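K.L.:
Residue numbers (this note's numbering): 131 to 554.
Idealized CB from N, CA, C, for every residue including glycine.
All values reported here derive from a predicted model rather than from experimental measurement.
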Amino acid sequence: MRFFKDVNLAAFTAGFVAVLVGFTSSVAIVFQAAQAFGATPAVIASWMWALGIGMGLASALPSLWLRKPVMIAWSTPGAAVLATAGVGYSMGEAVGAFIVCALLITLAGATGWFERVMNRIPMAIASALLAGVLARFGLAAFAAAQTALPLVLLMLASYLVGRRLLPRYAVPLTLGVAIVFVALRGELAWSTVHFTLAMPVFTMPAFTWQAAVSLALPLFVVTMASQNLPGVAAIRAAGYEMPVSRLVTLTGVATLVLAPFGAYALNLSAITAAICMGREAHEDPARRYTAAVCCGALYVVIGLFGAAVTGLLTAFPKELVAAIAGLALLSTIGGGLAAAVRDESHREAALITFLVTLSGVVIAGIGSAFWGVVAGAAALAVQQLGRTAEKTPAGKDIAPGCKIALEQKTANDHARNAHEAPAK
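1) Apart from the five residues just before and just after S176, which ones in its own chain have a Cβ nearer than 8 Å to its Cβ?
2) May I ask you to report which of helix, strand or coil DSSP gives I251?
3) With a threshold of 16 other CB atoms inside 10 Å of the CB of P523, please say whether the residue is buried or exposed.
4) For I555, is the classification buried or exposed, using 16 other Cβ atoms within 10 angstroms of its Cβ as the cut-off for buried?
5) Kindly indicate which residue of R418, L388 and I309 has the alpha-carbon position closest to the one of L402.
6) For the region 278-295 against the region 442-458, do three or more pairs of beta-carbon atoms, one drawn from each stretch, fall closer than 8 Å, so that the two count as touching?
7) Once DSSP output is grouped into helix, strand and coil, what is the label at N358?
8) Assuming A166 and V217 are in contact, meaning their beta carbons sit under 8 Å apart, how far apart are those beta carbons, in whole angstroms?
9) Contact check, V301 vs A144 under 8 Å by CB: the rounded distance?
10) Just to confirm, is the Cβ distance from A509 to A470 under 9 Å?
11) Is it a yes or a no for the region 458-470 touching the region 394-408, going by three-plus beta-carbon pairs under 8 Å?
12) Measuring only the C-alpha atoms, how far is S220 from Y394?
13) Cα separation between C406 and V512?
14) For F244 and V383, I'd like the C-alpha separation in whole angstroms.
15) Who are the near neighbours of L281 in its chain, counting only those whose CB is closer than 8 Å to its CB and skipping five residues on each side?
16) What are the boundary residues of the beta strand (DSSP E) that includes L396?
17) Which of helix, strand or coil does DSSP assign to A494?
18) Between E474 and chain D, is there a C-beta pair that is closer than 9 Å?
19) Using alpha carbons as the reference points, say which of I202, A416, G361 and W179 lies closest to A258.
20) Between L279, G222, L234 and F142, which lies nearest to L380 when the distance is taken from Cα to Cα?
21) Report the residue from K135, L187, P171 and G262 whose alpha carbon sits nearest the alpha carbon of L467.
22) Buried or exposed: which applies to K521, given that a residue is buried once 16 or more other Cβ atoms fall within 10 Å of its Cβ?
23) With distances taken Cα to Cα, identify the nearest neighbour of S498 among A505, V504 and G490.
24) Could you check what DSSP says for A479 in three-state terms: helix, strand or coil?
25) Using alpha carbons as the reference points, say which of Q514, A507, F500 and W195 lies closest to P207.
26) On the criterion of 16 or more Cβ atoms from any shown chain inside 10 Å, does W204 qualify as buried, or is it exposed?
27) Going by DSSP, what residues sit across from A203 in a beta bridge?
28) CB-CB under 7 Å to G525, same chain, minus the five flanking residues each way: which ones, in chain order?
29) In three-state DSSP terms, what is S344?
30) If you draw a straight line from the alpha carbon of P415 to that of R298, how long is it in whole angstroms?
31) Does M185 come out as helix, strand or coil in the three-state DSSP assignment?
32) Is the distance from the Cβ of M178 to the Cβ of G426 below 9 Å?
33) Could you round the C-beta distance between V374 and M201 to whole angstroms and report it? I think they count as a contact, below 8 Å.
34) Please return the same chain residues whose Cβ sits closer than 7 Å to the Cβ of I159, not counting the five positions on each side in sequence.
35) Kindly indicate which three-state DSSP category V331 falls into: helix, strand or coil?
36) Below 8 Å on the Cβ atoms is my contact criterion, and I expect F228 with T338 to pass it. Report the Cβ-Cβ distance as a whole number of Å.
In structure tokens:
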């Protein structure tokens, strides 16, 4: 099988780091969301089962099929919305809201309207959006030094030495050194680990207009604006061409099927996707799909063991998780910033997008990723107002902000053809 020829240690480590970062950074919010609806421990374990199986299969199978890194995650801002808005609703009403949200996501993908919106966002704005989303993890990596200075300094030194001597394995080396260090200091919380298989618990949905308005619609909006929007930006910033509409439809269908068991909302990933789409995952972009497959396989294992494996992942100190996430994303953050400010005519709008996104501002329950794009697009519209649009060879209008995206796509196509030519 081609996968076993393409995978290597760096790809597996990237998949593991993606799972580690994805779960430990937000699993507590998912637990709070489930508890808001009065979930029992068995139901919470079922949520982990449904989310793990959904993310795992929806990541691994398309990645194997497309030979590109498809990364699916749960909606973290969606869980935050449910944790605050879910009080007073039954689990049946919650499941009904999950199904309504899944139908809306499926409709957004099947009709193609979401991809059409994304196609109108210039590459400079999309790159700034991605850099703003990821930069918070870079800041958190060094902020962790306030509470774990020796660990962070050791990880930084290991990363720099690794980049100098073994650049392909800098992140695995850093992670290994950090785990040994905290293990020797007795800082791994093994008491949280209890290995038991998770069993799915079916909840009969109950549909009410109150739950649809108060839960389903906010869940849909924040998932599309705060998760799928930067998810597409991550894909395009990495230079991959993917069927975005079909992938969004896939997340909607997967959510629809698994909603009665606790999968409240699945979506395209941005942060964990950046980990698996960067050079640290594999030097060859055509083989980085193996990192996504490894990540998907680990998600499935987590789903099968539910809260048990979640306990294993949360056994790592939070400073270790923050530092490895930030270091693993350094090159992607740098690439995003470089692409955002490359074109002087879009530099100011891109910087506005970056800063608004980085601010973490939440307005009307919608996160900063959406407002960053709105602010950047507004700034770009004011700057470009009255200017003549350039023409494509076919005679169709192309906005000046999209020119860099077309040029980058052409460069990526040439590089891909040059790489694949010897194999033909």
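P.N.:
Quick answer:
1) Sequence index remark: in the sequence shown, residue 176 carries index 46 (1-based). Residues of the same chain with a CB within less than 8 Å of the CB of S176, apart from the 5 flanking positions on each side, are A328, M329, P330, V331, F391, G392 and G436 in chain order.
2) As a first step, residue 251 must be located in the sequence shown, where it is residue number 121. Note: I251 maps to coil in three-state DSSP.
3) Taking the first residue of the sequence shown as position 1, residue 523 is located at position 393. Per-residue confidence for P523 stands at a pLDDT of 44, beneath the threshold of 50, marking its modelled position as unreliable; no derived number is given.
4) Any property of residue 555 remains undetermined from this structure, which presents the chain solely from 131 to 554.
5) For the purposes of this step, residue 402 is taken as residue 272 along the sequence shown, with counting starting at 1. Looking at the sequence provided, one finds Thr at residue 402 rather than Leu. Looking at R418, L388 and I309, the one whose alpha-carbon comes closest to that of T402 is R418.
6) The region 278-295 makes contact with the region 442-458: 3 or more CB pairs, one atom from each, lie closer than 8 Å.
7) Walking along the sequence shown from the start, residue 358 turns up at place 228. Reduced to three states, the DSSP call for N358 is helix.
8) Here the question's residue 166 lines up with position 36 in the sequence shown. Here the question's residue 217 lines up with position 87 in the sequence shown. Contact between A166 and V217 holds: their C-beta atoms lie close to 5 Å from each other, under 8 Å.
9) For this step, residue 301 is matched to residue 171 along the sequence shown. For this step, residue 144 is matched to residue 14 along the sequence shown. That belief holds up - the Cβ atoms of V301 and A144 are roughly 7 Å apart, short of 8 Å.
10) Here residue 509 refers to the residue found at position 379 when the sequence shown is read from its first residue. Here residue 470 refers to the residue found at position 340 when the sequence shown is read from its first residue. Their beta carbons are not under 9 Å apart, which means A509 does not touch A470 by this criterion.
11) A contact exists between the region 458-470 and the region 394-408.
12) For the purposes of this step, residue 220 is identified with residue 90 of the sequence shown, where counting begins at 1. For the purposes of this step, residue 394 is identified with residue 264 of the sequence shown, where counting begins at 1. One Cα belongs to S220, the other to Y394, and the distance between them is close to 14 Å.
13) Position 276 of the sequence shown, counting from 1, holds the residue named residue 406. Position 382 of the sequence shown, counting from 1, holds the residue named residue 512. Spanning the two alpha carbons is a distance of roughly 36 Å.
14) On the sequence shown, position 114 is the one that residue 244 refers to. On the sequence shown, position 253 is the one that residue 383 refers to. Going from the Cα of F244 to the Cα of V383 covers about 16 Å.
15) Sequence index remark: in the sequence shown, residue 281 carries index 151 (1-based). Cβ neighbours of L281 beyond the five flanking positions: A274, A308, F311, V312, P447, E449, L450 and A453.
16) If you number the sequence shown from 1, residue 396 lands on position 266. For L396, the enclosing beta strand (DSSP E) stretches over residues L396 to L398.
17) Position 364 of the sequence shown, counting from 1, holds the residue named residue 494. In this structure, A494 counts as coil in the three-state DSSP scheme.
18) No chain D is part of this structure, which consists of one protein chain only.
19) The residue you call residue 258 lines up with position 128 of the sequence shown. Of I202, A416, G361 and W179, the smallest CA-CA separation from A258 is found for G361.
20) As a position in the sequence shown, residue 380 is number 250, starting the count at 1. Here the closest residue by C-alpha is L234.
21) Stepping through the sequence shown from its first residue, residue 467 is reached at position 337. For L467, the closest C-alpha among the options K135, L187, P171 and G262 is that of G262.
22) Locating residue 521 in the sequence shown gives position 391, where the first residue counts as 1. Low confidence applies here, because K521 scores a pLDDT of 43, under 50, leaving its location unreliable and the question unanswered by this model.
23) In the sequence shown, counting from the first residue as 1, residue 498 sits at position 368. Ranking A505, V504 and G490 by Cα distance to S498 puts G490 first.
24) As a position in the sequence shown, residue 479 is number 349, starting the count at 1. A479 falls in the helix class under three-state DSSP.
25) What you label residue 207 is simply residue 77 of the sequence shown in a count that begins at 1. Comparing Cα-Cα distances from P207 to each of Q514, A507, F500 and W195, the minimum goes to F500.
26) Along the sequence shown, read from residue 1 onward, the residue named residue 204 stands at position 74. It counts as buried.
27) If you number the sequence shown from 1, residue 203 lands on position 73. Within the DSSP secondary-structure output, A203 pairs in a beta bridge with N397.
28) Numbered from its first residue, the sequence shown carries residue 525 at position 395. Because the pLDDT of G525 is 39, which lies under 50, any placement of that residue in the model is unreliable, and the number read from its coordinates should be weighed accordingly. Excluding the 5 residues flanking it on each side, G525 has no same chain C-beta neighbour closer than 7 Å.
29) Numbered from 1 along the sequence shown, position 214 holds the residue referred to as residue 344. When secondary structure is reduced to three states using DSSP, S344 falls in the helix class.
30) If you number the sequence shown from 1, residue 415 lands on position 285. If you number the sequence shown from 1, residue 298 lands on position 168. Taking the straight line from one Cα to the other gives about 13 Å.
31) By one-based count along the sequence shown, residue 185 stands at place 55. In the three-state reduction of the DSSP assignment, M185 falls in the helix class.
32) Counting from 1 along the sequence shown, the entry for residue 178 is found at position 48. Counting from 1 along the sequence shown, the entry for residue 426 is found at position 296. Judged by their CB atoms, M178 and G426 are not nearer to each other than the 9 Å cut-off.
33) As a first step, residue 374 is located in the sequence shown; it is residue number 244 there, counting from the start. As a first step, residue 201 is located in the sequence shown; it is residue number 71 there, counting from the start. That pair is no contact at about 13 Å.
34) Numbered from its first residue, the sequence shown carries residue 159 at position 29. Counting only Cβ-Cβ distances below 7 Å, and skipping sequence neighbours, we find T206, A209, A210 and A213.
35) Counting from one through the sequence shown, the residue named residue 331 turns up at place 201. Secondary structure at V331: coil, using DSSP grouped into helix, strand and coil.
36) As a first step, residue 228 is located in the sequence shown; it is residue number 98 there, counting from the start. As a first step, residue 338 is located in the sequence shown; it is residue number 208 there, counting from the start. Between T338 and F228 the Cβ distance is about 13 Å, and since that is not below 8 Å, they are no contact.
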